[in-house]
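S.K.: Chains as they are written, first to last, in our numbering: chain A, -9 to 425; chain B, -9 to 425. Below are the structure tokens for one structure; questions will follow.
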């Protein structure tokens, strides 16, 4: 059976998809029992030179030609961003075509709407490439792990920030320096906001959590904090104490049903399975009630890795069409957005607090008393003379690590410190996970 | 839609499957759009007390009652071993039922026959639980990664041996001591052959390689070597040089199409993604031409983890039945057992050779000359006085690490050493991977 594919967008992912389909055509046809053929490609820049071999006669600037072609079975939306991608996807679905995409922002913001449209139209809407590049995560979570109640997801979902943190750790460099190097290497965008402020990881977490917990996730319900404030000094302490610092995306369902979702940098023990996920690699650790912990690891982005995920989805739709089935997930996941969201103030973690204080007797006791009064119990303390500037030689640096405590108790402690003359500065407050 | 399931075997995996289906019934029904109901269970020991809640009225000793029940859609074969499992599976298929199993030995030995029978009968035959317990590996490899030409699989596929090697490494203990401890804890069988001699890992490798390289694998084509000969001393050297020792299962396709498949202990750099897979955990690192390296990690065995995999397969069949599709993989993978197998003598790896030699001048040069004559070039050498027994004080121990070389060249060198008076003993020969 011949399956005709229309591609919207011929950037990195579009080129990767076209290249994988071309290079492995024989293999894919043998495995799927279908001939997957790209019959039209629409791009804003039809004349641009591409890094891969593409039949020029397929390329045009005309999106409508793809959306209106009755011969096309599947549209691969590989433009990115919300509009006009959303409009194109909905039009393709309305025209009875299945849609495959790698567009995390679109799914995070409009996934429920598009899912509903696809179900109503009896077509597939698949998006494996939207999380973790080519790593199979969404399909295994939905299919192989379907027998599990998900307890927790914990992931390193953004390659750029993981590259920056890995480099800072290995070379002892500061954030700004590594960021500009990453930008010059093309690992970070000129405007790095989406990555370094955790937006990208948040979109991906919302997609995974939606599947794992069978409910649409509102982005407003995810706490988000980026890596801009992480300093070489924080990493130094973390290393000394046996930890690494990672930008983690975490979603957890509490026994009472409440969902807790957050994206933020955190200390992770060096022995934790996610601690050795370095550079641009991504990984997701899923805890299910039956399976225990399973982890998926690989390159979180890139032309061919993401192309691999898109092609996997195209094969899934092709097999479905060949086998004469209605869509795989039709009529499933009817649960509305019903989850109760745990209040941010109730989040419980270990914390690390690094602060500059007056180097004189009694200061440590004063601060420890405040922690105690607010119900924060302490696990360990490292105190050092502040390095460098001799004018600051009357300042000491203290690095506190607390036992599990709520965000509320920590915030109250920090409030007190702001009023305390001996605390010159609270330099960083970081969570600790995986213990 | 109600899907009726008949279960054969109520041991560890059977109990896990029944328990997961019972505990998460509501969730599974919501996700699959089907009511998965266990309607019959056959076991040789109907009256035995089980660690999970099972409706006793479903249990009997009568396999035929399951196989002949026209109301049953899916048979889960959870007996293990080749016969009578093979007979039951073929009869279930002949009766038009789909079959789900976790039986690696059965698939490794008769997978092609059963696949053909299932295809002819138009039913599904799924076996996610046969490799890696609950870790989704087979479905992702077949589906999400369908766009990739597989280059290599490398896995830690046996939990028992990984537990033993982890324990030996962490506590500096010998093989025999750790084995008997593992046996008393129930982590190793009274007859540990299947695990420690690499049979179990070999079965699993043949299953994965068959899918990855689209061809049935003959077990005779897999080189196999177990962990019985690994000593505390080998691990000591490995650790000192920055390596761990793991029982690896490796399948690789060379650019000329030749398959190289082997199961053996090997040194792996401590920074390798598989090096931190410890205790009873399993992991598979798959290298695809498009996706690069992806790794799947989790518990490789156990009641509920394997139950999770079986339930995932049951859900897949249920969805297929509900959606009115013909089987997912019908008409695919028609390629016969056509792969050329690389000759063992041509396998190329780094090697480590530990030997006891006469502690006198010129010995090292004599041995190095033999390596050189046979075309083996050396990467590093560690020489130590042999510890302990003073009668051996004229003996030194040398640990050689070679550059990449063929099995043939290594075997020829070892032959020469056997003839050499100054080489008292070749204590171990181990491969090095992941560099």
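For glycine and all other residues, C-beta sits at the position ideal for the given N, C-alpha and C.
Could you tell me which residues DSSP puts in a beta bridge with residue 342 (chain A)?
M.R.: A:391 and A:420
S.K.: Closer than 6 Å by C-beta to residue 97 (chain A): which residues in its own chain qualify, once you throw out the five before and the five after it? Chain order, please.
M.R.: 117, 120 and 197, listed in sequence order.
S.K.: Quick one: residues in its chain with C-beta nearer than 8 Å to the C-beta of residue 55 (chain B), no 5 flanking neighbours on either side, listed in chain order?
M.R.: If we look at residue 55 (chain B) and ignore the five residues flanking it on each side, its Cβ neighbours are 30 and 32.
S.K.: At a Cβ threshold of 7 Å, is residue 138 (chain A) touching chain B?
M.R.: Cβ-Cβ to chain B under 7 Å: yes for residue 138 (chain A).
S.K.: Kindly list, in the order they appear in chain A, the residues whose Cβ is closer than 9 Å to that of residue 287 (chain B).
M.R.: What residue 287 (chain B) touches in chain A: 263, 273, 275, 283, 284, 285, 286 and 287.
S.K.: Between residue -7 (chain A) and residue 26 (chain A), what straight-line distance do the alpha-carbon atoms span, to the nearest angstrom?
M.R.: 5 Å
S.K.: Taking 7 Å as the CB-CB limit, is residue 14 (chain A) close to chain B?
M.R.: yes
S.K.: Looking at the C-beta of residue 182 (chain B), does it have a partner C-beta in chain A at a distance below 7 Å?
M.R.: no
S.K.: I want to see whether chain B comes within less than 7 Å of residue 313 (chain A), judged by CB atoms only; does it?
M.R.: yes
S.K.: Take residue 418 (chain A) and list the residues in its own chain whose beta-carbon comes closer than 6 Å to its own, dropping the five residues that flank it on each side.
M.R.: Answer for residue 418 (chain A): 224 and 344, listed in chain order.
S.K.: Cα-Cα, which of A:81, A:0 and A:16 is closest to residue 34 (chain A)?
M.R.: The candidate whose alpha carbon is nearest that of residue 34 (chain A) is A:0.
S.K.: To the nearest angstrom, report how far apart residue 92 (chain B) and residue 311 (chain B) are at their CA atoms.
M.R.: 21 Å
S.K.: For residue 352 (chain A), go through chain B and note every residue whose CB falls closer than 9 Å to its CB, in chain order.
M.R.: Per Cβ cutoff of 9 Å: no residues; residue 352 (chain A) is ~44 Å from chain B at best.
S.K.: Output the distance between the C-alpha atoms of residue 272 (chain A) and residue 404 (chain B), rounded to the nearest integer angstrom.
M.R.: 43 Å
S.K.: Let's see if you can read the secondary structure: which residues bound the beta strand (DSSP E) around residue 443 (chain A)?
M.R.: Since the first residue shown for chain A is -9 and the last is 425, residue 443 (chain A) is missing from the structure and cannot be characterised.
S.K.: Mind pulling the beta strand (DSSP E) runs of 3 or more residues that sit fully within the stretch 46 to 72 of chain B?
M.R.: 64 to 67
S.K.: Counting contacts by CB-CB distance shorter than 7 Å, is residue 27 (chain B) in contact with chain A?
M.R.: No, because no Cβ of chain A sits closer than 7 Å to the Cβ of residue 27 (chain B).
S.K.: Starting from residue 130 (chain B), find everything on chain A with Cβ-Cβ shorter than 7 Å and list it in chain order.
M.R.: 126, 129 and 130
S.K.: On a Cα-Cα basis, can you pick out the residue from A:234, A:130, A:137 and A:57 that is closest to residue 135 (chain B)?
M.R.: A:130
S.K.: Does the Cβ of residue 166 (chain A) have 16 or more other Cβ atoms within 10 Å, making it buried, or fewer, making it exposed?
M.R.: exposed
S.K.: Per DSSP, which one or two residues make a beta bridge with residue 144 (chain A)?
M.R.: A:240 and A:275
S.K.: Please identify the residue among A:328, A:65, A:245 and A:411 whose C-alpha is closest to the C-alpha of residue 84 (chain A).
M.R.: Measuring from the Cα of residue 84 (chain A), the nearest candidate turns out to be A:65.
S.K.: So for residue 8 (chain A), helix, strand or coil by DSSP?
M.R.: helix
S.K.: Which residues mark the beginning and the end of the beta strand (DSSP E) in which residue 374 (chain B) is found?
M.R.: 368 to 375
S.K.: Which term fits residue 430 (chain B), buried or exposed, when burial requires 16 or more other beta carbons within 10 angstroms of its beta carbon?
M.R.: Past the edges of chain B, shown from -9 to 425, lies residue 430 (chain B), and the structure says nothing about it.
S.K.: Looking only at its own chain, which residues have a Cβ that is under 6 Å from the Cβ of residue 393 (chain A), when we skip the five neighbours before and after it?
M.R.: 367 and 369
S.K.: So, at 7 Å on beta carbons, what are the nonlocal neighbours of residue 308 (chain B) in its own chain, with the 5 sequence-adjacent residues on each side left out?
M.R.: -7, 22, 24 and 26
S.K.: Helix, strand or coil for residue 348 (chain A) per DSSP?
M.R.: strand
S.K.: For residue 383 (chain A) and chain B, any beta-carbon pair shorter than 7 Å?
M.R.: no
S.K.: Apart from the five residues on each side of it in sequence, which residues of its chain come closer than 7 Å, Cβ to Cβ, to residue 426 (chain A)?
M.R.: This structure cannot speak to residue 426 (chain A), because chain A is shown only from -9 to 425.
S.K.: Would you list the one or two residues that DSSP bridges to residue 27 (chain B)?
M.R.: B:-6
S.K.: Just list the residues that DSSP pairs residue 331 (chain A) with in beta bridges.
M.R.: A:249
S.K.: Compare the Cα-Cα distances from residue 82 (chain B) to each of B:112, B:95, B:94 and B:99 and report the closest residue.
M.R.: B:112
S.K.: Return the residues of the stretch 36 to 47 of chain A that lie within a Cβ-Cβ distance of less than 9 Å from chain B, sorted by chain order.
M.R.: Result list empty, no residue passes.
S.K.: Say whether chain B places a C-beta atom closer than 7 Å to the C-beta of residue 305 (chain A).
M.R.: yes
S.K.: Using a Cβ-Cβ cut-off of 7 Å, state whether residue 298 (chain B) counts as contacting chain A.
M.R.: yes
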